[in-house]
Amino acid sequence: MLLDALELVGIAAFAASGAVAAVRARLDVFGVIVLALTTALGGGIIRDVLLGVHPPAALVSWPYLAVAGVTGLVVFWFHPTVAKLRRAVLLLDAIGLGLFVTAGTTTALGLGAPPYAACLVGMTTGIGGGALRDVLLREIPLVLRREIYAVAALCGAVVVAFGDYLGLPAVPVTLVGSVVIVGLRLLALWRRWNAPVARKLDG
Amino acid sequence: MLLDALELVGIAAFAASGAVAAVRARLDVFGVIVLALTTALGGGIIRDVLLGVHPPAALVSWPYLAVAGVTGLVVFWFHPTVAKLRRAVLLLDAIGLGLFVTAGTTTALGLGAPPYAACLVGMTTGIGGGALRDVLLREIPLVLRREIYAVAALCGAVVVAFGDYLGLPAVPVTLVGSVVIVGLRLLALWRRWNAPVARKLDG
Amino acid sequence: MLLDALELVGIAAFAASGAVAAVRARLDVFGVIVLALTTALGGGIIRDVLLGVHPPAALVSWPYLAVAGVTGLVVFWFHPTVAKLRRAVLLLDAIGLGLFVTAGTTTALGLGAPPYAACLVGMTTGIGGGALRDVLLREIPLVLRREIYAVAALCGAVVVAFGDYLGLPAVPVTLVGSVVIVGLRLLALWRRWNAPVARKLDG
Numbered sequence: 001m002l003l004d005a006l007e008l009v010g011i012a013a014f015a016a017s018g019a020v021a022a023v024r025a026r027l028d029v030f031g032v033i034v035l036a037l038t039t040a041l042g043g044g045i046i047r048d049v050l051l052g053v054h055p056p057a058a059l060v061s062w063p064y065l066a067v068a069g070v071t072g073l074v075v076f077w078f079h080p081t082v083a084k085l086r087r088a089v090l091l092l093d094a095i096g097l098g099l100f101v102t103a104g105t106t107t108a109l110g111l112g113a114p115p116y117a118a119c120l121v122g123m124t125t126g127i128g129g130g131a132l133r134d135v136l137l138r139e140i141p142l143v144l145r146r147e148i149y150a151v152a153a154l155c156g157a158v159v160v161a162f163g164d165y166l167g168l169p170a171v172p173v174t175l176v177g178s179v180v181i182v183g184l185r186l187l188a189l190w191r192r193w194n195a196p197v198a199r200k201l202d203g
Numbered sequence: 001m002l003l004d005a006l007e008l009v010g011i012a013a014f015a016a017s018g019a020v021a022a023v024r025a026r027l028d029v030f031g032v033i034v035l036a037l038t039t040a041l042g043g044g045i046i047r048d049v050l051l052g053v054h055p056p057a058a059l060v061s062w063p064y065l066a067v068a069g070v071t072g073l074v075v076f077w078f079h080p081t082v083a084k085l086r087r088a089v090l091l092l093d094a095i096g097l098g099l100f101v102t103a104g105t106t107t108a109l110g111l112g113a114p115p116y117a118a119c120l121v122g123m124t125t126g127i128g129g130g131a132l133r134d135v136l137l138r139e140i141p142l143v144l145r146r147e148i149y150a151v152a153a154l155c156g157a158v159v160v161a162f163g164d165y166l167g168l169p170a171v172p173v174t175l176v177g178s179v180v181i182v183g184l185r186l187l188a189l190w191r192r193w194n195a196p197v198a199r200k201l202d203g
Numbered sequence: 001m002l003l004d005a006l007e008l009v010g011i012a013a014f015a016a017s018g019a020v021a022a023v024r025a026r027l028d029v030f031g032v033i034v035l036a037l038t039t040a041l042g043g044g045i046i047r048d049v050l051l052g053v054h055p056p057a058a059l060v061s062w063p064y065l066a067v068a069g070v071t072g073l074v075v076f077w078f079h080p081t082v083a084k085l086r087r088a089v090l091l092l093d094a095i096g097l098g099l100f101v102t103a104g105t106t107t108a109l110g111l112g113a114p115p116y117a118a119c120l121v122g123m124t125t126g127i128g129g130g131a132l133r134d135v136l137l138r139e140i141p142l143v144l145r146r147e148i149y150a151v152a153a154l155c156g157a158v159v160v161a162f163g164d165y166l167g168l169p170a171v172p173v174t175l176v177g178s179v180v181i182v183g184l185r186l187l188a189l190w191r192r193w194n195a196p197v198a199r200k201l202d203g
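The listed protein sequences correspond, in order, to chains W, A and B. Each residue of the first sequence is one higher than the one before, counting from 1 in full-length UniProt numbering. Each residue of the second sequence is one higher than the one before, counting from 1 in full-length UniProt numbering. Each residue of the third sequence is one higher than the one before, counting from 1 in full-length UniProt numbering.
Here is the structure:
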């Protein structure tokens, strides 16, 4: 119940990040909605395609579609206001990341994937939508370049897989995994942590 | 029979649009053929991956492959002529869009997808190939930026889903849906309709 | 046994090419590892998604993941040295291409795909990872622009499909197909063969 409500919050946050990026790229209203849908639902669709869930849950669940689409429209109309809410959007995005990654990992484990595969699938669920957003807008995916994003996702996925390995109950494990992700992500934003970059090539 | 022939026309039109874009991007002959195949067959492959049809029909059907590949070769050799046929290519592309979207929606409904999911899958079938083409050539997908393209696709998909809901026979419904798409698309091109773009951001 | 070992060599070579490209694009250490994994495993994942193998073998096989990830890390630390090994990387990449294409074609045939579909799937297995790498780094895929790469892959795939059609034993056919690919690829590099490009458009 609470997790379901939080998941819709995460979808709205992901949709908002896609829509804001689309508005900045001067897409029309339809492009903005498509980007909102793609960013919010893309990770889950990739997960279901990898795991063989047909058709993908994100396409069959109308609340997901409605929340993502309406968020896209709202951003289109009120985007100067949304642009000012940058901190709120980052917070919601961290919550969405936490829930998507842990839900993806749990789904993969439930379908019999080995733990390391489940972690990869869970991470992909969380970061796939944003990567699609950036590829469609012709950017190198942010997740590959900035701050501790995918690492936070991976840590949470490992927590869920380890909890499952120990036979702990699923709901608290999912919550702890989500909190780890949200916490690491906010810490990284707050302290401006970045992963190291290789020394520059001379040639 | 007529629908099958029209579908091959649509594939040739999509293949031509991919090949023309590839020639403009200075790809070699093989790249031109790959772009022709990807643009013509990409939407159907995405549809089959989402719906769990393995292997995708587009890879198993040699007439599709042959038509798309030969179209790519023809464009490579005669592209200055093809470039002059811009209006004919746009007309064929509209017909291809109409047939791909309605066929995709019908396929999804037949596999038991709910109506809104079938509409999304149908739309994706129609616009997916062109989106792949633009991503491979490092463009922001045209469908997100220009004219009434995806909206026309969505309207036709809704017609098909609604007709199916009312229990109307499939062939006339598919035809009406295709006519709606082709009509909207040509109207949009003729009247230079575009969807609205958000006001410019100051910051 | 020998084929398995060679396959790991191919994965390491593909991972190295992804990691070198990521270092050049100034990604952080995590982005370098993700690019290494994507380049090395992407082709196989696309193959399994097309053929309906869930979850994809590349995600379930820990040696693949370990070799690709460690290669990414090694390149991150020693990339000036790796950059000097360009010839060795190209040789390993050709071996990887040969093994991936023939393995992909064999897998598709084993799952009942018709020969031309199996050739396309095999070719996609070999060139898909590199195409993903280039799309993520916002490049037009190299395979579409340069040298005899996809053509070599296609020739090897046809050898495997034809051998299968004749009922020849799988292991020698796979070896011959791989040798054809590696040979064509090295010849193309050595003689600087390129496929023809269309005459320039005036307009």
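Yeah, the Cβ is synthetic: ideal placement off N, Cα and C, and Gly gets one too.
Do residue j and residue i come within 8 Å of each other at the CB atom, strictly closer than that value?
| i | j | result |
| --- | --- | --- |
| Tyr116/W | Trp62/B | yes |
| Arg133/W | Ala21/W | yes |
| Phe100/W | Gly18/W | no |
| Val143/W | Leu59/B | no |
| Pro56/A | Leu50/B | yes |
| Pro196/W | Asp28/B | yes |
| Thr125/W | Gly52/W | no |
| Ala94/B | Leu187/B | no |
| Ala157/B | Thr107/B | no |
| Ala12/A | Thr71/A | yes |
| Ala150/B | Val34/A | yes |
| Leu184/A | Cys155/A | yes |
| Val23/A | Phe76/A | yes |
| Tyr64/W | Leu41/W | yes |
| Ala88/B | Ala36/B | no |
| Gly177/B | Phe14/B | no |
| Asp164/W | Val171/W | no |
| Leu91/B | Ile140/W | no |
| Ala103/A | Glu7/A | yes |
| Val135/B | Val135/W | yes |
Return the first residue and the last residue of the alpha helix (DSSP H) that residue i is part of.
| i | result |
| --- | --- |
| Val32/A | Val29 to Leu51 |
| Ser61/B | Taken as a continuous stretch (DSSP letters only), Ser61/B belongs to no alpha helix (DSSP H), as it is neither H nor E. |
| Trp190/W | Ala170 to Arg191 |
Under a three-way DSSP split, which group does residue i fall into?
| i | result |
| --- | --- |
| Gly10/A | helix |
| Gly69/B | helix |
| His79/A | helix |
| Gly18/A | helix |
| Asp164/B | helix |
| Gly203/W | In this prediction, Gly203/W scores a pLDDT of 41, lower than 50, which makes its location untrustworthy; the coordinate-derived value is nonetheless stated afterwards. Gly203/W: coil per DSSP, three-state reduction. |
Would you say residue i reaches chain E, if we count a Cβ-Cβ gap shorter than 8 Å as a contact?
| i | result |
| --- | --- |
| Pro55/B | Absent from the structure is chain E; the protein chains it does hold are W, A and B. |
Which partner residues of residue i appear in the DSSP bridge assignment?
| i | result |
| --- | --- |
| Val197/A | Asp28/W |
Which ranges does the alpha helix (DSSP H) cover as unbroken runs of at least 4 residues, wholly within the UniProt domain "Glycine transporter" (91 to 162) of chain B, from first to last along the chain?
Fully enclosed alpha helix (DSSP H) runs of 4 or longer: 115 to 136 and 142 to 145.
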